[in-house]
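Chemist: Numbering (the working numbering), first residue to last: 16 to 503.
Don't be surprised by glycine CBs; every beta carbon is placed ideally from N, CA and C.
Let me give you the structure first, and then I'll get to my questions.
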């Protein structure tokens, strides 16, 4: 088994090299550098210490993943060939070094690793921006930076921002959350004497700097709570907890899972209304209201020792992973229908549903139109369905005439009429299913259309100097026909 000594070259100044690192460099052991593009490499050149670098791999490979895997494999092979080698990385071996991560994983199997630390770039950066990390500091790789890395409530250092393209991608992501005017620090050559530069600039200027290079990092200060104009889910959790506390709102404190259960339905419908209206600002607001219902129930659950938000997110993510084997495992599907089938199959397995009657009964207490739609979908899954829409339409006619018969020929028995009207509605929902139209959405649109036309009728009646309630049915019918001419 070979041995690899991983040496940290420090943040950039030769004076930051540790005695332990210098001893290893001068020991005669072969030296391999992840990159030669680091100021401290001058020490090796001035002292005639031989080395090889892996910069050529960066030029050859298209993906960083392939670069790192090649370097690790080559280092392991060389350690076996020469028994012991030195691997030199910028800064500290344990700060923002992906190859070191991979090597440490490999060390369990076929290579021995010794870490000989160097000063990281973090301390010099903190000194330059004059920030204390005690309240939280996040360090992320700029080449892998994504929306999930953003946390507005703690400071963040973004490393590996070695060219303007990487910085530009980061700028766009940060601007989505913080806004274009938010000020961050762009730092070049931290700890390199005579070359340190720090720029406090708005995000929109971030990628305009001409000095961005291999010793560039970005420092994003957390958002000031006093002048805060962006909030995240952590803030929402804190506010919900405060509302339920003794210092909070008496009404919020009195609520239970049971007392606010209807609010969930109301907020969900308001989200649907916002979607139908096409008003994005309204959609943002209504999604927030719906999210608050989730957070409210999580806070109640936590207070009562039942569950907390992490139980909810864990259950959600486990379900998503389990029910998407075509994404998270090796199962292959080609069509959307296969995805839906597999989802339902796994769901029924979870709930110990064995008979088809159980499948039909396993239906949440949805509004009746939606419930009937889903029941018919499940019945169709086993072939209990019309061959085409003609059969479904004929069924609507049949049920319509049965309603007429129950009204005209059976003395207007309320129970029978109710039953026949239910059958008619069920048949109409089946037509909706054939046409891939959600009956709840369709009916809601019609209700809104009816209200809008009444609004037009009322405006027309005012122009006539009359009130709707004072008009005859014939007059209102005439206004109705005029209202229909307006685009809904």
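1. Can you tell which of 474, 485, 52 has the C-alpha that lies nearest to the C-alpha of residue 498?
2. Which partner residues does residue 104 have in the DSSP bridge list?
3. Taking its Cβ as the centre, do 16 or more other Cβ atoms sit within 10 Å of residue 88, making it buried, or is it exposed?
4. When you compare each of 469, 444, 471 to residue 458 by their alpha carbons, which one comes out closest?
5. So, is residue 4 buried or exposed, given that buried needs 16 or more other C-beta atoms within 10 angstroms?
6. Using the Cα positions of residue 486 and residue 471, report the straight-line distance between them to the nearest angstrom.
7. Put residue 247 into one of helix, strand or coil per three-state DSSP.
8. Taking all protein chains shown into account, decide if residue 264 is buried (16 or more other Cβ within 10 angstroms of its Cβ) or exposed.
9. Using 10 angstroms around the beta-carbon of residue 108, count the other beta-carbons present and answer buried if the total reaches 16, otherwise exposed.
10. For residue 151, I'd like the list of residues in its chain whose CB is within less than 6 Å of its CB, leaving aside the five on either flank, ordered along the chain.
11. Taking the alpha helix (DSSP H) that residue 171 belongs to, which residues open and close that run?
12. How big is the Cα-Cα spacing for residue 128 and residue 146?
13. Taking the straight line between their C-alpha atoms, what separation do you get for residue 75 and residue 117?
14. Which residues in the same chain as residue 49 place their Cβ atom closer than 8 Å to its Cβ, once the five residues preceding and following it in sequence are excluded?
15. Taking residue 237 as part of the beta strand (DSSP E), name the residues at either end of that continuous run.
16. Could you tell me the alpha carbon to alpha carbon distance between residue 174 and residue 140, rounded to whole angstroms?
17. Under 9 Å, do residue 440 and residue 384 count as touching if we go by C-beta distance?
18. Excluding the 5 residues flanking residue 279 on each side, which residues of the same chain have their C-beta closer than 6 Å to its C-beta?
19. Taking residue 484 as part of the alpha helix (DSSP H), name the residues at either end of that continuous run.
20. What's the call for residue 314, buried or exposed, on a 16-neighbour Cβ count within 10 Å?
21. Rounded to whole angstroms, what is the Cα-Cα separation between residue 327 and residue 144?
22. Check the C-beta distance from residue 509 over to residue 136 and give it rounded, since I have them as a contact under 8 Å.
23. When DSSP labels each residue in this structure, what does residue 131 get in the three-state scheme?
Modeler: For this structure:
1. Indexing the chain shown from 1 puts residue 498 at position 483. Taking only the C-alpha atoms, the option nearest residue 498 is 474.
2. Here residue 104 refers to the residue found at position 89 when the chain shown is read from its first residue. Partner(s): 23.
3. In the chain shown, the residue the question calls residue 88 occupies position 73. Exposed: under 16 other Cβ atoms inside 10 Å.
4. Stepping through the chain shown from its first residue, residue 458 is reached at position 443. Among 469, 444, 471, the Cα nearest to that of residue 458 belongs to 444.
5. Residue coverage of the chain in this structure runs from 16 to 503, which leaves residue 4 outside it and unanswerable.
6. Taking the chain shown and counting its residues from 1, the one referred to as residue 486 is at position 471. Taking the chain shown and counting its residues from 1, the one referred to as residue 471 is at position 456. Roughly 15 Å separates the two Cα atoms.
7. Here residue 247 refers to the residue found at position 232 of the chain shown. It is coil, neither helix nor strand.
8. Within the chain shown, the letter at position 249 stands for residue 264. Flag for residue 264 reads exposed.
9. Mapped onto the chain shown, residue 108 falls at position 93. Under this definition residue 108 is a buried residue.
10. Locating residue 151 in the chain shown gives position 136, where the first residue counts as 1. Same-chain partners within the cutoff: 169.
11. Taking the first residue of the chain shown as 1, we reach residue 171 at position 156. Residue 171 -> not in any alpha helix (DSSP H); beta strand (DSSP E) instead, spanning 170-174.
12. Your numbering for residue 128 matches position 113 in the chain shown. Your numbering for residue 146 matches position 131 in the chain shown. Going from the Cα of residue 128 to the Cα of residue 146 covers about 34 Å.
13. Counting from 1 along the chain shown, the entry for residue 75 is found at position 60. Counting from 1 along the chain shown, the entry for residue 117 is found at position 102. Those two C-alpha atoms are separated by around 20 Å.
14. As a working note, residue 49 is residue 34 in the chain shown. Once the five neighbours on either side are set aside, the close Cβ partners of residue 49 are 68, 69, 86, 102, 103, 104, 105, 112, 114.
15. Taking the chain shown and counting its residues from 1, the one referred to as residue 237 is at position 222. It is not in any beta strand (DSSP E) - residue 237 carries neither H nor E in the DSSP assignment.
16. Sequence index remark: in the chain shown, residue 174 carries index 159 (1-based). Sequence index remark: in the chain shown, residue 140 carries index 125 (1-based). Approximately 11 Å between the Cα atoms of the pair.
17. Along the chain shown, read from residue 1 onward, the residue named residue 440 stands at position 425. Along the chain shown, read from residue 1 onward, the residue named residue 384 stands at position 369. Taking 9 Å as the Cβ cut-off, residue 440 and residue 384 qualify as a contacting pair.
18. Residue numbering aside, residue 279 sits at position 264 when the chain shown is read from its first letter. Taken in chain order, the residues that qualify are 308.
19. On the chain shown, position 469 is the one that residue 484 refers to. Premise fails: residue 484 is in no alpha helix (DSSP H) and is neither H nor E.
20. Position 299 of the chain shown, counted from the start, is the residue given in the question as residue 314. Per the 10 Å Cβ criterion, buried.
21. Within the chain shown, residue 327 is the residue found at index 312, counting from 1. Within the chain shown, residue 144 is the residue found at index 129, counting from 1. About 38 Å.
22. Because residue 509 is not part of the residues shown, which for the chain are 16 to 503, the question remains open.
23. Counting from one through the chain shown, the residue named residue 131 turns up at place 116. In the structure shown, residue 131 sits in a strand (DSSP, three-state: E or B).
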